[in-house]
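Undergrad: Before I ask anything, here is the structure I am working with.
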Amino acid sequence: MKVSYLLFLTMVFLIVVLLSSGCLEQIGEIFTNKSEDGFVQYEAAPTSLSYVIFYGYNVTSAGTGSYTVTYLCPLPVDPLDGEIVNISLFYPHEYSEIVENGNTFVKWVIKGENNGEYTLGVEAEMVVNTFMVDLSGRNTLDVSSIPPNLVDQYCHRQSINSSDAPLIDPVNDEILSIAFSIKNLVQSNNSFDVAKEIFLWLKNNTSYRTHEGKTMVQSAYETLHLKTGDCDDLSFLYISLCRAVGIPARFVKGYLIEEDEAGFHAVPHAWAEVFVGVGKNGWIPVECAGNGEDAVAEMHQNFGVEDAFHLRLFVDDGSNRSMELSLMGPSWEYQPHVDVHLSKFTFLDDVEEFNQRKLTVYSDGRRVYLQ
Numbered sequence: 001m002k003v004s005y006l007l008f009l010t011m012v013f014l015i016v017v018l019l020s021s022g023c024l025e026q027i028g029e030i031f032t033n034k035s036e037d038g039f040v041q042y043e044a045a046p047t048s049l050s051y052v053i054f055y056g057y058n059v060t061s062a063g064t065g066s067y068t069v070t071y072l073c074p075l076p077v078d079p080l081d082g083e084i085v086n087i088s089l090f091y092p093h094e095y096s097e098i099v100e101n102g103n104t105f106v107k108w109v110i111k112g113e114n115n116g117e118y119t120l121g122v123e124a125e126m127v128v129n130t131f132m133v134d135l136s137g138r139n140t141l142d143v144s145s146i147p148p149n150l151v152d153q154y155c156h157r158q159s160i161n162s163s164d165a166p167l168i169d170p171v172n173d174e175i176l177s178i179a180f181s182i183k184n185l186v187q188s189n190n191s192f193d194v195a196k197e198i199f200l201w202l203k204n205n206t207s208y209r210t211h212e213g214k215t216m217v218q219s220a221y222e223t224l225h226l227k228t229g230d231c232d233d234l235s236f237l238y239i240s241l242c243r244a245v246g247i248p249a250r251f252v253k254g255y256l257i258e259e260d261e262a263g264f265h266a267v268p269h270a271w272a273e274v275f276v277g278v279g280k281n282g283w284i285p286v287e288c289a290g291n292g293e294d295a296v297a298e299m300h301q302n303f304g305v306e307d308a309f310h311l312r313l314f315v316d317d318g319s320n321r322s323m324e325l326s327l328m329g330p331s332w333e334y335q336p337h338v339d340v341h342l343s344k345f346t347f348l349d350d351v352e353e354f355n356q357r358k359l360t361v362y363s364d365g366r367r368v369y370l371q
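The sequence shown begins at 1 in the numbering used here and counts up by one.
In structure tokens:
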């Protein structure tokens with residue numbers, strides 16, 4: 001038996017999400033109503049959303065032989081404003097709940113054989129409200145006042161452990177030069193003002209575009225030269241520019257809830273956060289993937305705003321391991337006479353929109369939602 005067993009070959013496959021760097025097709029168009037009274041008002045949109053989301057993989061095995069499937073599935077992160085009402089698992093067997101790099105995962109290690117069919121994944125009931133801070137920058141920190149431990153954690157290069165090429169690169173000469181030229185233009189050491197101006201630079205010098213022909217996410221340096229990228233790419237460039245001038249910045253991964261003629265669906269998405277001393281524990285969200293042509297309108301709606309249509313699954317901790325985890329999918333091993341197939345799924349149910357409000361931005365930086 002020992003000799004015959006050695007004749008078996010083990011095939012190992014690893015799906016990495018970066019091979020299909022999915023993002024939203026677009027952020028909705030911007031409609032404005034400019035007033036002579038010193039404010040800009042945008043088209044009404046829901047500011048609260050409730051739904052049930054289902055995500056994971058369907059697993060099918062066929063043939064004769066044994067196999068092992070390993071899947072590290074991220075659980076939803078608490079919304080900036082809202083709550084996780086309930087979480088349940090599709091396959092409550094052969095799993096453990098682990099915390100790694102500040103994020104919570106369900107880890108399945110399934111040892112099976114021959115023919116089989118089952119589903120690994122999560123069902124989560126969510127209630128999410130739009131989170132927003134004012135644009136005035138009131139009570140924000142100067143860059144020099146940011147805690148040194150956060151600078152150490154979130155102001156360096158970041159890459160996948162198996163790669164030497166950094167995806168986030170705040171020490172690249174070109175990125176450093178651009179970041180400091182923006183900071184000097186602002187003539188301020190305030191972290192909020194500088195991060196906001198970097199956002200405007202990003203909007204004026206890059207455009208959102210998916211790259212279906214590529215299998216890898218772009219590095220910040222590549223996006224800088226191509227001047228286009230998807231949500232991951234633009235977020236990595238923005239984070240690199242902020243880190244270059246000493247502003248802690250990190251990425252967030254999850255889903256964007258979208259609606260089209262077929263109904264609501266969840267699209268894999270990435271965005272950024274910067275530490276400026278206000279917001280949620282000092283961090284504010286930044287949506288880098290908008291497709292509007294007006295940079296100021298983009299700033300009004302996407303800088304310091306995380307709308308109810310964002311679902312958080314993963315928050316970066318600044319390490320290479322964090323980057324690797326955010327891009328990792330399931331892996332499986334099997335013997336020659338059994339075949340294993342995994343298919344990814346994501347769908348929504350019971351979606352309800354609430355509190356239609358008009359985003360109103362005043363000349364002094366105040367932002368409110370009005371009926």
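Here a beta-carbon is modelled for each residue, glycine too, at the ideal position from N, C-alpha and C.
#1: Per the contact definition of three or more C-beta pairs closer than 8 Å, is the segment 68-77 in contact with the segment 308-319?
#2: Mind checking whether Leu337 and Thr64 have CB atoms under 8 Å apart?
#3: Can you list, in chain order, the residues of its chain whose CB lies under 8 Å from that of Asn115, leaving out five sequence neighbours each side?
#4: What's the call for His300, buried or exposed, on a 16-neighbour Cβ count within 10 Å?
#5: Between the C-alpha atoms of Glu29 and Val286, what's the straight-line distance to the nearest angstrom?
#6: With H, G and I counted as helix, E and B as strand and the rest as coil, what does DSSP make of Gln41?
#7: Could you pull the start and end residues of the beta strand (DSSP E) that Phe345 belongs to?
#8: As a quick exercise: from Asp134, Ala45, Ser207 and Val85, pick the residue whose alpha carbon is nearest that of Glu293.
#9: Would you kindly work out how many angstroms separate the C-alpha atoms of Leu372 and Ile198, rounded to a whole number?
#10: Grouping DSSP H, G and I as helix and E and B as strand, with all else coil, what is Glu153?
#11: Starting from Asn204, follow the alpha helix (DSSP H) in both directions and report where the run begins and ends.
#12: Just mark His225 as buried or exposed, buried being the case when its beta carbon has 16 or more other beta carbons within 10 Å.
#13: State whether the segment 320-327 contacts the segment 131-149, with contact taken as three or more CB pairs (one from each stretch) at a distance under 8 Å.
#14: Nearest-angstrom Cα distance between Pro170 and Leu256?
#15: Would you call the segment 255-270 in contact with the segment 41-57, where contact means no fewer than 3 C-beta pairs closer than 8 Å?
#16: Would you kindly check if the distance between the Cβ of Asp134 and the Cβ of Ser191 is under 8 Å?
#17: DSSP puts Gly116 in a beta bridge; with which residues?
#18: Could you check which residue in Asp230, Val122, Ser144 and Ile247 has the C-alpha nearest to that of Trp271?
#19: Below 7 Å CB to CB, which residues in the same chain sit around Cys155 once its five sequence neighbours on both sides are set aside?
#20: Would you kindly check if the distance between the Cβ of Trp283 and the Cβ of Glu298 is under 8 Å?
#21: Hey, how far is the Cα of Val106 from the Cα of Phe251?
#22: Could you give the DSSP three-state label for Val217: helix, strand or coil?
#23: State the DSSP-derived secondary structure class of Leu226, mapped to helix, strand or coil.
#24: Assign Pro268 to one of three DSSP states: helix, strand, or coil.
#25: Which term fits Ser240, buried or exposed, when burial requires 16 or more other beta carbons within 10 angstroms of its beta carbon?
#26: So, are the CB atoms of Thr140 and Val278 less than 8 Å apart?
#27: Using a Cβ-Cβ cut-off of 7 Å (strictly less than) and excluding sequence neighbours within five positions of Met132, which residues of its own chain qualify?
#28: Between the C-alpha atoms of Thr228 and Leu234, what's the straight-line distance to the nearest angstrom?
#29: Using the beta-carbon count (16 or more within 10 Å), is His269 buried or exposed?
#30: Kindly indicate the opening and closing residues of the alpha helix (DSSP H) around Ser235.
#31: Name the residue from Met126, Leu49 and Asn101 whose alpha carbon lies nearest to the alpha carbon of Ile84.
#32: Taking only the alpha-carbon atoms, compute the straight-line gap between Pro92 and Phe264 and give it to the nearest angstrom.
#33: May I ask you to report which of helix, strand or coil DSSP gives Val77?
#34: For Val267, which option in Asn320, Thr210 and Ala295 has the closest C-alpha, if you only look at C-alpha atoms?
#35: With H, G and I counted as helix, E and B as strand and the rest as coil, what does DSSP make of Pro330?
#36: Asp134 lies in the beta strand (DSSP E); which residues open and close that run?
TA: By the coordinates alone:
#1: A contact between stretches requires three or more CB pairs, one per stretch, nearer than 8 Å, and the segment 308-319 meets this requirement with the segment 68-77.
#2: Reading off the sequence shown, one finds His at residue 337, where the question assumed Leu. If you check the CB distance, His337 and Thr64 come in under 8 Å.
#3: Correct list, in chain order: Ser61, Ala62 and Gly63.
#4: Buried.
#5: At Glu29, the pLDDT of 48 sits below 50, so the modelled position is not reliable and the matter cannot be decided from this model.
#6: Three-state DSSP puts Gln41 in a strand.
#7: Looking at the DSSP string, the run of the beta strand (DSSP E) that includes Phe345 is Val338 to Tyr362.
#8: If we check each option's Cα against that of Glu293, Ser207 comes out closest.
#9: What the structure shows of the chain is the stretch from 1 to 371, and residue 372 is not part of that stretch, so it cannot be assessed.
#10: Contrary to the premise, residue 153 reads as Gln rather than Glu in this sequence. DSSP, reduced to helix, strand and coil, places Gln153 within a helical segment of the structure shown.
#11: Taken as a continuous stretch (DSSP letters only), the alpha helix (DSSP H) holding Asn204 covers Ser191 to Asn205.
#12: Counting every other CB atom within 10 Å of its CB across the protein chains shown gives His225 a total below 16, marking it as exposed.
#13: Contact fails: fewer than three Cβ-Cβ distances are below 8 Å.
#14: Going by the C-alpha atoms only, they are around 27 Å apart.
#15: Contact between the segment 255-270 and the segment 41-57 is present: 3 or more CB-CB pairs across the two stretches fall below 8 Å.
#16: Pairing Ser191 with Asp134 gives a Cβ-Cβ distance that is not under 8 Å.
#17: Answer is Ser61, bridged to Gly116.
#18: That would be Asp230, whose Cα lies nearest to the Cα of Trp271.
#19: Cβ within range, chain order: Pro170, Arg243, Gly246 and Pro248.
#20: No, Cβ-Cβ distance for Glu298 and Trp283 is not below 8 Å.
#21: In this structure, the alpha-carbon of Val106 lies about 21 Å from that of Phe251.
#22: Coil.
#23: DSSP places Leu226 in helix when its eight states are reduced to three.
#24: Three-state DSSP puts Pro268 in a strand.
#25: Within 10 angstroms of the beta-carbon of Ser240 lie 16 or more other beta-carbons, which makes it buried.
#26: Yes.
#27: The residues are Gly304, Val305 and Arg367.
#28: Answer to the nearest angstrom: the Cα atoms are 8 Å apart.
#29: By the neighbour-count rule (16 or more Cβ atoms within 10 Å), His269 is buried.
#30: For Ser235, the enclosing alpha helix (DSSP H) begins and ends at Cys231 to Ala244.
#31: Just measuring C-alpha positions, the residue of Met126, Leu49 and Asn101 sitting nearest Ile84 is Met126.
#32: So the alpha carbons of these two residues sit roughly 27 Å apart.
#33: Secondary structure of Val77 (DSSP, three-state): coil.
#34: Nearest option by C-alpha distance: Thr210.
#35: Note: Pro330 maps to strand in three-state DSSP.
#36: Asp134 -> no beta strand (DSSP E), and no H or E assigned at all.
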